[in-house]
Amino acid sequence: MKPIFVATPVAAIAAAMAVSMLGWRDTPDADCAPGFSPVDPVAYAREFRPDLNKGQIDELRRQYGDTACLNQKHPEPFTEVQQAMQARSPGVGLVEPGSVRAALEAKNAMLERKAIAGADGLWEEYGTGVLITSDPRYGTSGQGIPSSMGRVDSFAYDPENIRLFALIGTGGLWMSDTDSVETLGDFWVPIGDTMPTLVNGAVEWVAPKGDRPGRLVVVSGEHVMGGSTYMGLGAFWSDDLGVTWNQSTGVPDGAMGFEVAVDPTNTDEVYVATSMGLYKSLDAGSSFTNVNLPVSAECAGAVGYGACQFANFVTDVVVKEPGGITDEAGGEVLAAVGYRAGKAVFPDGTIHSPGNGLYRSDSGDPDTFVRLDVSGDGLTNIGFTTEERIGRTELGIATGPEQDHNVVYAIVGDAVLFNGGVQGIDVPDDGTGNTGVGLNSTSINGVYVSTDFGDSWMRLADDIEIAANPASGSGLSVVGAALFNGPGVQAWYNLWVAPDPTRADLLGGVPTRLTFGLEEVWQSRTTTGVGQDGLAQVGPNDYNVVGVYYAGESCQLLTTGVPACPTNSELITDTTTHPDQHDGMWIPTGDGGVCLFAGNDGGVFRQCVGAGEEINNNGWAQGHNEGFYTLLPYGLAVAKDGRVYFGLQDNGSGHIEGDTREMYQSLGGDGFFAAVDPDDSNYAYLTTQNGGLNVTLDGGLSLSSVSSGAADVMFANYFTMNETNAEHVMTGGSNIVETLQGRTTNNWTEVFTLGTSDTGGLRQMSTIHLRDEAAYVGFCGVCDILNRWDLGFENGIATNVGGDLPPNPGSSDGWHIATAAGLPNRYITAIEQDPEDVNTIYVTLGGYSGRDWVPPGSYLDTNDGLGTGNVFKSTDAGESFIDISGNLPDLQVNTVLLHDGQLLIGTDLGAFISSDTDGSEWGVLGGGSLPNVVVTQIVQDPGDPLRVFASTFGRHIWSYSFEEAGVTPTPTPAATGKGGMLGVWLLGPLGLLAALRRRARLAARENPGLVAGM
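Following my numbering, the numbering of the sequence shown begins with 1 at its first residue and continues without gaps.
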């Protein structure tokens, strides 16, 4: 039986899989094993390929039946990942250039003034240890991932002192400092908490030179290139391992940070690759200059938003290492421009990125780079991929002493596949990528090699070999590929390539072991003797997976009941890496061995092998995440006994125990929002993607899927539990639905339909507040303007308060759309009702439900109602609003809580508190004890009126006690560091003391001598 979307040469393996799954067909809900959910395979396939024809549907039904038990942990289709990124930070914020920098300065000024009453307490981390994902009591123990922490986007290494650095995209910079390479990653401490932003993209260690000590250089801004990716504030440097940080000059705000590279021939020369160009420093990162890559006549060196806003996405840069077997002088620079959608076009015909491709300079100086004309014909393995196919591109270079340092590798996302093109036909098309064929099961183009530092290229593997080859050992290559969810489906999001520096062929010095990261970790099948130069890599099966998507009981997205998964490369035991690989680094151990470090959505995974030994699926151990406190929750809920439920980006949903503070995962996949009965912590709601609601009555030991009837839901769909009645639960999409029997899984009623905007845009719920009989719903339509500029953005508020009938839960009585006069036209992130007055509400705003890199007011946006302010108050049930933002920094606000006559808000730069409910004065909540992290939600502790909890996207769950908060002023003295314009506030004493206190506490707990010499 041959799956219709899998390459013919491996049909036998696919047939074996199909036979092994016969017992899995037409599976009733009750028969799904823990960690698996019943799905319709056709509906699931349509998420990836909306244009399924009747023959394809019939074949899917023949092979997989009507219902399948699909692993809750699986790659998301492109549209879902986009929506998840958007929901993660519902507004975008950069309405005016420099607004975030100005907001940071305003926040620092607040610290110098007299504190607001209740603002002088300290935030404390609430959980402890790693996220336990393998407890057999819960339903996620069969996936082979024993523990997790937040997404690691970048590594850097200090070889002289054996220090490894890891960047969490929105969780700051961390360090592991040990006596041997083999123990790097055993424990981590934060060293970036006093930076002005924890949103960072890449880090590099700059070796000492002369009187200058070793230095860390960080470029800020996430590099995942999704919706609402958090943007940066330029670059920073530290000469004291993060005790003080200094602003680099010359790198623009509002960009993504993709890479930092150091010239090994002169470590004063440093490069940073950003979404607004490539920049060079001559003073070890203190200052930078745009090198003006010649992407086009109009867009060379362009910065900011406009017709060129996608044209200078520099996704990687490498500098040739000196020495090697050819004794290279080194110092040449190779950069990749790799905007994910390539030659897609704006509605006015302007090409998004006219210059995607490779650029090289002998010196790296401004205006010296030339674009390399190296594309092949797309039909053979000779040459780089064709120009219109070039999407996100990552580079890896040979650096070993026995290697040829002219060898460079590239792994390339496919812009045409990303835009919906034809898979597997790598020939020029019309250049737009808009072929009208629908989405694909992958967005990978291939892996390439150059042995002359970019002058010529050979293809090592194409999309068919990687994405449609069940013999590769990928956990996604059979069922995933058949359901349009194959290897490389997220190549625009997770992508890296790295040769092993310890292995080379004897004649040419070409690396013989090559690894790359997609959703899984891949490696060349031949690792000794045969160089990875494209001459021998001509077969259909040159690369296999050594960090498979699943281990344990999972196989090809499924639970098969067979003792071993037939498509795995070898017999896999219990553990594997977490999926979605963002960076990989080889570090030699000095005795002929080497360690491979993989950074992914679950943190850090390490595998060390001796000389002649091989990396394999069974060597990843338990993960290496101790010390991290870096999970990425969208929201939280608290019970009186101290149990806290949460939902996490790519790490499912779970809870923190109130007594031990241990953290457990109880539901796989993507988790989002949570709700719990404050008097019964066993009764809770957890969410999965596409509005999936799950209810537990036993504290997460078992969960039941809820059918709410919400239509046209968002990927990360909000819901809420009534503050005074835990049986009353409400959610929505284009309609609003509720139940008055929350412990059951049905009995939901539609009470209101949101309709469409004046331009025809579909309205969707963005947030809800529900107390007693009163409900307030924020909505938008359309919520994301990218490629829908003609419809435009619109917001609004629907409520059952102040209507023609009094509120009546379970009915449509009173429901209407409020006038909302005075409320700017931006995304409504949260609503809070005054419990003493049903007509008084507080509303917070962001930008759009979209991308920081496509902000309000960017190219082709015609919204004339953006307004100013981010916190608003209404005393007439939403009919009219006044701005109470006052002296609050101009930041998007994600959450609001009314606490004892004061407003608490969470922003992209921490938490703030007002002096009263009119916003007369605002201050920083907790001073510098909470880093400048994204706060997604603040909730009241129902068991303690003097304590609140916050979920932070990158630093997990924190608690704050008003009992310890006074009104003593907390002035901030000038920083001891020197550097750019932010020097006066880069070292907030409370933040520094909190970071050092945590560092010492965690280090001492594990190893009293671990941080000696820091």
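Heads up, the beta-carbon is just placed ideally off N, CA and C, and yes, glycines get one too.
### Query
Does the distance from the C-beta atom of V260 to that of V203 stay below 8 Å?
Position 260 of the sequence shown, counted from the first residue, corresponds to residue 260. Position 203 of the sequence shown, counted from the first residue, corresponds to residue 203. One thing to note: V260 has its Cβ within 8 Å of the Cβ of V203.
### Query
What are the complete beta strand (DSSP E) segments, minimum 3 residues, inside the region 146 to 199?
Qualifying beta strand (DSSP E) stretches, in chain order: 152 to 158, 163 to 168, 172 to 177.
### Message
Starting from I390, trace the beta strand (DSSP E) in both directions and tell me its first and last residue.
### Response
Indexing the sequence shown from 1 puts residue 390 at position 390. Residue range 390 to 397 is occupied by the beta strand (DSSP E) that includes I390.
### Message
Three Cβ pairs or more, each shorter than 8 Å: is that satisfied between the region 911 to 930 and the region 617 to 628?
### Response
Two segments are said to touch when three or more pairs of C-beta atoms, one from each, lie closer than 8 Å; by this definition the region 911 to 930 does not touch the region 617 to 628.
### Task
Return the first residue and the last residue of the beta strand (DSSP E) that I831 is part of.
Counting from one through the sequence shown, the residue named residue 831 turns up at place 831. Per DSSP, I831 is one residue of the beta strand (DSSP E) stretching across 828 to 834.
### Message
Please report the distance separating the alpha-carbon of A273 from that of S704.
### Response
In the sequence shown, counting from the first residue as 1, residue 273 sits at position 273. In the sequence shown, counting from the first residue as 1, residue 704 sits at position 704. Using only the alpha carbons, I get a separation of about 46 Å.
### Query
With C-beta atoms as the reference, is N722 less than 8 Å away from L770?
On the sequence shown, position 722 is the one that residue 722 refers to. On the sequence shown, position 770 is the one that residue 770 refers to. Result yes, Cβ atoms of N722 and L770 sit closer than 8 Å.
### Query
Buried or exposed: which applies to A335, given that a residue is buried once 16 or more other Cβ atoms fall within 10 Å of its Cβ?
Position 335 of the sequence shown holds residue 335. Buried, since its Cβ has 16 or more Cβ neighbours within 10 Å.
### Task
State the Cα-Cα distance for the pair P1017 and I162, rounded to the nearest angstrom.
Because the chain spans 1 through 1014 in this model, residue 1017 falls outside it and cannot be assessed.
### Query
Distance, Cα to Cα, Y278 vs I116?
Position 278 of the sequence shown, counted from the first residue, corresponds to residue 278. Position 116 of the sequence shown, counted from the first residue, corresponds to residue 116. With the sequence shown as reference, residue 278 is identified as Leu, and Tyr is not the correct amino acid for it. Between L278 and I116, the C-alpha separation is close to 43 Å.
### Proximity of V751 and S811 at Cβ, strictly below 8 Å
Looking up residue 751 in the sequence shown gives position 751. Looking up residue 811 in the sequence shown gives position 811. In this structure, V751 lies near S811, with their beta-carbon atoms less than 8 Å apart.
### Task
Could you tell me which uninterrupted beta strand (DSSP E) segments, each at least 3 residues in length, are contained entirely in the region 799 to 825, listed from first to last along the chain?
Within the region 799 to 825, no complete beta strand (DSSP E) run reaches 3 residues.
### Query
Can you tell me the Cα-Cα spacing of D268 and I325, whole angstroms?
Within the sequence shown, numbered from 1, the residue matching residue 268 stands at position 268. Within the sequence shown, numbered from 1, the residue matching residue 325 stands at position 325. Those two C-alpha atoms are separated by around 25 Å.
#### Entry: Minimum C-alpha distance to A536 - residue among N690, V449, I768
Your numbering for residue 536 matches position 536 in the sequence shown. Closest option to A536, Cα to Cα, is V449.
### Message
What does the alpha-carbon distance come out to for the pair L417 and V447?
### Response
Sequence index remark: in the sequence shown, residue 417 carries index 417 (1-based). Sequence index remark: in the sequence shown, residue 447 carries index 447 (1-based). Taking the straight line joining both Cα atoms gives about 15 Å.
### Query
By a C-beta neighbour count over all protein chains shown, 10 Å radius and 16 as the cutoff for buried, is A621 buried or exposed?
Counting from 1 along the sequence shown, the entry for residue 621 is found at position 621. When all chains shown are included, A621 counts as exposed.
### Message
Taking 6 Å as the limit between beta carbons, can you name the residues of its chain near C299, skipping five residues before and five after?
### Response
Within the sequence shown, numbered from 1, the residue matching residue 299 stands at position 299. Excluding the 5 residues flanking it on each side, C299 has same chain C-beta neighbours closer than 6 Å at C308, A311, in chain order.
### Task
Compute the distance between the beta-carbons of F597 and G635, then report whether it is under 8 Å.
By 1-based counting over the sequence shown, the position of residue 597 is 597. By 1-based counting over the sequence shown, the position of residue 635 is 635. No. Outside cutoff.
### Task
Count the other CB atoms, across all protein chains shown, that sit within 10 Å of the CB of K343; report buried if there are 16 or more and exposed otherwise.
For the purposes of this step, residue 343 is identified with residue 343 of the sequence shown, where counting begins at 1. Flag for K343 reads buried.
### Task
Please check the pair N541 and S441, which I expect to be a contact at CB under 8 Å, by giving their CB distance rounded to whole angstroms.
Taking the sequence shown and counting its residues from 1, one reaches residue 541 at position 541. Taking the sequence shown and counting its residues from 1, one reaches residue 441 at position 441. Between N541 and S441 a beta carbon distance of about 18 Å is seen, past the 8 Å cut, so the two are scored as non-contacting.
### Query
Expressed to the nearest angstrom, what Euclidean distance is found between the alpha-carbon atoms of F793 and N932?
Taking the first residue of the sequence shown as position 1, residue 793 is located at position 793. Taking the first residue of the sequence shown as position 1, residue 932 is located at position 932. Cα atoms of F793 and N932: separation of roughly 29 Å, rounded to the nearest angstrom.
#### Entry: Three-state class that DSSP yields for Y209 in the structure shown
Working through the sequence shown from its first residue, we reach residue 209 at position 209. It is worth fixing the name first, because residue 209 is Lys in this sequence and not Tyr. Three-state DSSP puts K209 in a strand.
#### Entry: Reduced DSSP secondary structure (H/G/I, E/B, other) of D601
Translated into the one-based positions of the sequence shown, residue 601 becomes position 601. The answer is coil: DSSP assigns D601 none of H, G, I, E or B.
### Task
Could you tell me whether the region 454 to 461 touches the region 373 to 382, where touching means 3 or more Cβ pairs closer than 8 Å?
Yes: at least three Cβ pairs fall under 8 Å.
### Query
Could you check where the beta strand (DSSP E) with V751 kicks off and where it finishes?
As a position in the sequence shown, residue 751 is number 751, starting the count at 1. Judged by DSSP secondary structure, V751 falls within the beta strand (DSSP E) whose first and last residues are 748 to 753.
### Message
Quick check on I884: does DSSP put it in helix, strand or coil?
### Response
Working through the sequence shown from its first residue, we reach residue 884 at position 884. The three-state reading of DSSP puts I884 in coil, since its state is none of H, G, I, E or B.
### Query
So which of G226, L860, S920 has the shortest CA-CA distance to P347?
Against the sequence shown, residue 347 aligns to sequence position 347. When each option's Cα is compared against that of P347, the closest is L860.
### Query
Are Y685 and A674 touching if we call contact CB-CB under 8 Å?
As a working mapping, residue 685 is identified with position 685 in the sequence shown. As a working mapping, residue 674 is identified with position 674 in the sequence shown. In terms of Cβ geometry, Y685 and A674 form a close pair [threshold 8 Å].
### Message
My output table needs one value for N445: the three-state DSSP class, helix, strand or coil.
### Response
Translated into the one-based positions of the sequence shown, residue 445 becomes position 445. Looking at N445 - three-state DSSP - the assignment turns out to be strand.
### Query
Under three-state DSSP, which class holds D837?
Here the question's residue 837 lines up with position 837 in the sequence shown. DSSP places D837 in strand when its eight states are reduced to three.
### Query
Sorted by chain position, which residues of the same chain lie with C-beta nearer than 7 Å to R101's C-beta, five sequence neighbours on each side aside?
By 1-based counting over the sequence shown, the position of residue 101 is 101. These residues qualify, in order along the chain: L233, D253.
### Query
In the DSSP assignment, what are the bridge partners of D641?
Counted from its first residue, the sequence shown places residue 641 at position 641. Answer is none; D641 lacks a bridge partner.
### Message
Just to check my reading of the structure: V408 and I397 have Cβ atoms closer than 8 Å, yes? What is that Cβ distance to the nearest angstrom?
### Response
Your numbering for residue 408 matches position 408 in the sequence shown. Your numbering for residue 397 matches position 397 in the sequence shown. That pair is a contact at about 5 Å.
### Query
Quick one: is I411 buried, meaning 16 or more other Cβ sit within 10 Å of its Cβ, or exposed?
Against the sequence shown, residue 411 aligns to sequence position 411. With 16 or more Cβ atoms within 10 Å of its Cβ, I411 is classed as buried.
### Query
Nearest CA to the CA of G331: which residue from D316, G349, S363?
Residue 331 sits at position 331 when you count from the first residue of the sequence shown. For G331, the nearest C-alpha among the options comes from S363.
### Query
When burial is assigned at 16 or more other CB atoms within 10 Å of the CB, is A119 buried or exposed?
The residue labelled residue 119 in the question sits at position 119 within the sequence shown. Buried, because 16 or more other Cβ atoms sit within 10 Å of the Cβ of A119.
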